[in-house]
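Worksheet: one structure, shown below.
In the working numbering, the protein residues as written are 2 to 110.
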């Protein structure tokens, strides 16, 4: 039997990163009053993707897991605030490695 090895970063890129972007987009729209199109442009998403995240049609399970982690949500709120304050005009670090590290330390995954 052949075993497939998946690196943690592969999992993060496939499942966690989209959920992080979704949460940031949701925060920009709901808390800072950005349009879905503006939030999408800042994050390199389509307006339709932002709409799906906001309506829980995409990434629901992972988004709920991330929302339950206070430290991760602090980072997401901080990133959202920086994006809102700069209008997305400055490059904002997504701190994905920090989020990944926190999740791994808390869950072992």
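In this text, a Cβ means the ideal position worked out from N, Cα and C, and glycines have one as well.
- A residue is called buried once 16 or more other Cβ atoms fall within 10 Å of its Cβ, and residue 28 is buried on that count.
- With a cut-off of 8 Å on Cβ pairs, the region 41-50 is in contact with the region 16-27, counting three or more such pairs.
- Distance from the CA atom of residue 68 to the CA atom of residue 99, rounded to whole angstroms, is 16 Å.
- In this structure residue 101 is buried. Its beta-carbon is surrounded by 16 or more other beta-carbon atoms within 10 angstroms.
- Residue 39 and residue 30 have their C-alpha atoms spaced approximately 9 Å apart.
- With a 10 Å radius around the Cβ and a threshold of 16 neighbouring Cβ atoms, residue 8 comes out exposed.
- Between the C-alpha atoms of residue 79 and residue 56 there is a straight-line separation of about 22 Å.
- About 20 Å separates the beta carbon of residue 73 from that of residue 43, a gap too long to meet the 8 Å contact definition.
- Beta-carbon to beta-carbon, residue 16 and residue 63 are separated by about 5 Å, close enough to satisfy the 8 Å threshold.
- DSSP places residue 47 in the coil class of the three-state scheme, outside both helix and strand.
- In this chain, the alpha helix (DSSP H) harbouring residue 82 covers 71-87.
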